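One structure is given here, and the rest of the page talks about it.
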Amino acid sequence: MTTGQDLELVSLTKRYGDTLAVDRVDHHFRAGSYACLLGPSGCGKSTTLRMIAGHEDPSDGSIVLGGADVSWLPPAKRGTAMMFQSYALFPHLSVSDNVSFSLKMKGVEAATRREKAGEMLELVHMTQFADRLPDQLSGGQQQRVALARALITNPQVLLLDEPLSALDPFLRIRMRAELKRLQRELGITFIHVTHSQDEALALADEIVVMNNAVIEQAGPAREVWGAPKTEFVARFMGGHNVIALPQGHFAIRADHLALTNAAEGRLDGRITGVEYQGANVLLTILAVGDQEVSAVLPEDQFFENPMQPGAEVGLSWKDSALHPVSA
Ligand code: ADP
-8 MTTGQDLELV
2 SLTKRYGDTL
12 AVDRVDHHFR
22 AGSYACLLGP
32 SGCGKSTTLR
42 MIAGHEDPSD
52 GSIVLGGADV
62 SWLPPAKRGT
72 AMMFQSYALF
82 PHLSVSDNVS
92 FSLKMKGVEA
102 ATRREKAGEM
112 LELVHMTQFA
122 DRLPDQLSGG
132 QQQRVALARA
142 LITNPQVLLL
152 DEPLSALDPF
162 LRIRMRAELK
172 RLQRELGITF
182 IHVTHSQDEA
192 LALADEIVVM
202 NNAVIEQAGP
212 AREVWGAPKT
222 EFVARFMGGH
232 NVIALPQGHF
242 AIRADHLALT
252 NAAEGRLDGR
262 ITGVEYQGAN
272 VLLTILAVGD
282 QEVSAVLPED
292 QFFENPMQPG
302 AEVGLSWKDS
312 ALHPVSA
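Under the working numbering, the residue at position 181 of the sequence shown is numbered 172, and the numbers go up by one with no gaps.
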């Protein structure tokens, strides 16, 4: 059950001189959801996050949390907390003191601070490290401390800016699961900025795809991946082709294309590449109209009738596999 507060961005805008970093963004983040802001570098994700956190003033528009306009409140008064990419731990303070630092600023007495920090460290499974200094911890452990430090303020919304990008691939996948667990346990809203499609798909209840300072598409992960609305989203999310047909442009999943004999499909082409991927085989096909198309076949199916580059083939699909996309 969720008792949290919804977060609304209303025509939120940020200009840096002539650069429009965020352009009249409207969005409603549901209380208790895990949202990922996803998009290429420079599209405005971090700026949006920093405005929500209060680390950046909006040029226009507003940020509304639980019905109250928080656009001009200082970060600590908003009900949000931010976890930074660099963790930004104080090197001379113990783990416990790092975690309870904001309580010290509020004048909370030492015993209560220690107790609260203990609860937070338990939540992130770091109890036994309470008295260490940050440089005696691994990257993953420092990150848990940074999380505990953000969560001790009891935020309605936790903001995470590329939280996994400093970790090695193995740890990244472990911490990803950990973030998901924490969000579920706490039931608060997480807004997580990432440029990784895999990360967003693995974590998000809702994916918000940004491009050029605006939201291109937002929705449940399966919907954004499975039914992209624009050519950009189809290409950016991956696993799709955008094909031009007489009726317009359509996205179709690479694993929803089937191969036929030449002239027996809906589009003819020639195989230009065959890549074995283990469970699947990825075929690159140059189709009529100079369109490069990818098809993914289960490996057992491919090897029943293996094909080589140069082979002429047809491509077919079910009507329901086509999604019209705008440019
Ligand atoms: P993302 O997080 O998606 O990579 P950012 O929000 O960091 O993108 O940046 C969006 C745009 O705003 C970019 O063009 C970037 O160069 C510009 N920008 C970001 N921060 C500043 C700043 N402090 N001063 C000037 N331009 C900035």
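Positions of the beta carbon are idealized from the N, C-alpha and C atoms, including for glycine.
All figures in this text were calculated on a predicted structure; none of them were measured in a lab.
Nearest residue (CA-CA) to residue i, options the options
{"i": "residue 61", "options": "100, 23, 315 and -2", "result": "-2"}
{"i": "residue 33", "options": "26, 22, 256 and 7", "result": "7"}
{"i": "residue 319", "options": "311, 23, 1 and 156", "result": "Residue 319 lies beyond the stretch modelled for the chain, which goes from -8 to 318, so this question has no answer here."}
{"i": "residue 262", "options": "273, 269, 255 and 268", "result": "273"}
{"i": "residue 269", "options": "292, 187 and 13", "result": "292"}
{"i": "residue 66", "options": "144, 166 and 0", "result": "144"}
{"i": "residue -5", "options": "174, 259 and 250", "result": "174"}
{"i": "residue 93", "options": "140, 219, 203 and 51", "result": "140"}
{"i": "residue 58", "options": "51, 25 and 19", "result": "19"}
{"i": "residue 84", "options": "164, 294, 128 and 296", "result": "128"}
{"i": "residue 199", "options": "26, 0 and 1", "result": "26"}
{"i": "residue 255", "options": "10, 308 and 188", "result": "308"}
{"i": "residue 266", "options": "238, 260 and 297", "result": "297"}
{"i": "residue 290", "options": "108, 271, 229 and 95", "result": "271"}
{"i": "residue 137", "options": "75, 188, 95 and 41", "result": "75"}
{"i": "residue 5", "options": "21, 295 and 47", "result": "47"}
{"i": "residue 246", "options": "229, 237 and 253", "result": "229"}
{"i": "residue 152", "options": "161, 28, 177 and 301", "result": "28"}
{"i": "residue 180", "options": "156, 164 and 150", "result": "150"}
{"i": "residue 216", "options": "295, 244, 239 and 159", "result": "244"}
{"i": "residue 300", "options": "233, 275 and 284", "result": "275"}
{"i": "residue 146", "options": "177, 157 and 294", "result": "177"}
Those residues which DSSP pairs with residue i across a bridge
{"i": "residue 115", "result": "BP columns for residue 115 are empty, so no partner."}
{"i": "residue 315", "result": "241"}
{"i": "residue 261", "result": "277 and 303"}
{"i": "residue 266", "result": "273"}
{"i": "residue 7", "result": "10"}
{"i": "residue 283", "result": "277"}
{"i": "residue 25", "result": "181"}
{"i": "residue 210", "result": "198"}
{"i": "residue 319", "result": "Nothing about residue 319 can be reported from this structure: the residues present for the chain run from -8 to 318 only."}
{"i": "residue 289", "result": "271"}
{"i": "residue 53", "result": "1"}
{"i": "residue 234", "result": "241"}
{"i": "residue 148", "result": "71 and 180"}
{"i": "residue 39", "result": "Answer is none; residue 39 lacks a bridge partner."}
{"i": "residue 252", "result": "304"}
Beta-carbon proximity of residue i to residue j, cut-off 8 Å
{"i": "residue 80", "j": "residue 69", "result": "no"}
{"i": "residue 185", "j": "residue 207", "result": "no"}
{"i": "residue 43", "j": "residue 182", "result": "yes"}
{"i": "residue 250", "j": "residue 304", "result": "yes"}
{"i": "residue 82", "j": "residue 126", "result": "yes"}
{"i": "residue 257", "j": "residue 306", "result": "yes"}
{"i": "residue 112", "j": "residue 90", "result": "yes"}
{"i": "residue 166", "j": "residue 210", "result": "no"}
{"i": "residue 71", "j": "residue 148", "result": "yes"}
{"i": "residue 241", "j": "residue 31", "result": "no"}
{"i": "residue 78", "j": "residue 134", "result": "yes"}
{"i": "residue 3", "j": "residue 49", "result": "yes"}
{"i": "residue 99", "j": "residue 225", "result": "no"}
{"i": "residue 51", "j": "residue 86", "result": "no"}
{"i": "residue 235", "j": "residue 260", "result": "no"}
{"i": "residue 204", "j": "residue 11", "result": "yes"}
{"i": "residue 116", "j": "residue 218", "result": "no"}
Counted within 10 angstroms of its Cβ, other Cβ atoms place residue i as buried (16 or more) or exposed
{"i": "residue -8", "result": "A caution first: residue -8 carries a pLDDT of 44, below 50, which makes its placement in the model unreliable, though a value can still be read off. Result: exposed."}
{"i": "residue 231", "result": "buried"}
{"i": "residue 110", "result": "exposed"}
{"i": "residue 35", "result": "buried"}
{"i": "residue 13", "result": "buried"}
{"i": "residue 73", "result": "buried"}
{"i": "residue 103", "result": "exposed"}
{"i": "residue 197", "result": "buried"}
{"i": "residue 16", "result": "buried"}
{"i": "residue 168", "result": "exposed"}
{"i": "residue 190", "result": "buried"}
{"i": "residue 108", "result": "buried"}
{"i": "residue 264", "result": "exposed"}
{"i": "residue 213", "result": "exposed"}
{"i": "residue 37", "result": "buried"}
Interface flag, residue i vs chain C, CB-CB below 8 Å
{"i": "residue 253", "result": "The structure shown contains no chain C, having only a single protein chain."}
For the ligand ADP, residues whose Cβ lies under 6 Å from any non-hydrogen atom
7, 10, 12, 30, 32, 33, 34, 35, 36, 37 and 38
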